[in-house]
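**Q**
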Amino acid sequence: MSSTTIKSVRQREKINNDIVIQITKSQLIKFSAFLFLLAFIVIDFLAITSNSPLLTELIIAQAIVALIAFVKFSKSNTIIKK
C-alpha cells in the first residue's frame, strides 16, 4: 500500500469516529436568549454591588431591550401564509 492510501483510510476512520452535533435554529435562538439573560443578570449584579450611579438607567435600558426581544420573538408577530 502506498502512503496516500494509508492516509485516506486513516482519515475515513477518523471521520467515522467523529460525533456530529445538530442544533436547530429554534434551539440556537433559545440558547442565545438564555445567554443574554444571564449576561443581564451578571451586569445588574455587578452594578448593584459597585453602587453604580447609573443603575436606574441600566435597568431601564435592559427593560427596553427585553421588550424589543419579546415583540420580535412573539408568535403574534408572524405573518401566516395560506
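This note's numbering applies: residue 2 is where the sequence shown begins, and numbers increase by one.
The beta-carbon is built from N, C-alpha and C at its ideal position, and this holds for glycine as well.
(1) Alpha helix (DSSP H) containing Ile22: first to last residue?
(2) How many whole angstroms separate the CB atoms of Val56 and Ala48, which I take to be in contact at a CB cut-off of 8 Å?
(3) Nearest to Ala1 by CA position, among Asn52, Val66, Lys76, is which residue?
(4) Where Leu29 and Leu59 are concerned, what is the direct C-alpha to C-alpha distance, given to the nearest angstrom?
**A** Working from what's here:
(1) Note, Ile22: premise wrong, no alpha helix (DSSP H); not H, not E.
(2) Correcting the residue identity first, residue 56 is Leu in this sequence and not Val. The C-beta distance from Leu56 to Ala48 rounds to 5 Å, short enough to meet the 8 Å contact threshold.
(3) Nothing about residue 1 can be reported from this structure: the residues present for the chain run from 2 to 83 only.
(4) In this structure, the CA atom of Leu29 is about 26 Å from the CA atom of Leu59.
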